[in-house]
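Heads up, the sequence shown is in our numbering, so the first residue is 7 and it goes up one at a time.
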Amino acid sequence: MVCLGNICRSPTAHGVMEKLIYDKGLSSDIHVDSAGTGDWYIGESPDSRAVAAATSRGYDISQQTARQVQVADFARFDYILAMDRTNLKDLKALSPQSFHPKLRLLLEFSDSEHESVPDPYYSGHDGFELVLDLVEAACSQLLDTIVAEQALSVRRG
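See the structure below:
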């Protein structure tokens, strides 16, 4: 999960996806992480507003630490999902061409009218709630896609 600073959208998506994976008993099969294309917040915790919004819906993102996308990530992960077109463009510029098929927008796994997960940093409480709405729907469909593509057996749910 990738956004600009790795303190709002991508840690939220990371936390949502991680809980969905856990709830289906797939933690040993699927690993999720998040990162930012920028380096402004490396080592910092997620934005307190993102933490509060996530907590209110049962997700704990408080222990995450911001990091920047590394070249090794392109080989390590099967899906590299950007929150918006700008970050997708930046990921394409950072990655070798052979890894471009792994790069997608998270909301491609959603029926939302939104193309991108909007940055809530300057938008207040409602912005963080919208991020959660969009991310929950997309992560649910993403997990269904991964389970089907990898022929995984859900063990809980």
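Backbone N, C-alpha and C fix where the C-beta goes; we use that ideal spot for every residue, glycine too.
- The region 139-158 makes contact with the region 29-49: 3 or more CB pairs, one atom from each, lie closer than 8 Å.
- If you check the CB distance, R110 and A88 come in under 9 Å.
- Using a C-beta cut-off of 8 Å, the region 116-125 makes contact with the region 87-103, since at least three inter-stretch Cβ pairs fall below that distance.
- Apart from the 5 residues on each side of it in sequence, E50 sits with its Cβ closer than 8 Å to the Cβ of I13, T71, A72 in its chain, given in chain order.
- In the three-state DSSP reduction, C14 falls in the coil class, being neither helix nor strand.
- Bounds of the alpha helix (DSSP H) holding A143 are 131-156.
- Taking the C-beta atoms as reference points, G21 is found no nearer than 9 Å to V75.
- Counting every other CB atom within 10 Å of its CB across the protein chains shown gives G11 a total of 16 or more, marking it as buried.
- Between L112 and I27, the CB-CB gap reaches or exceeds 9 Å.
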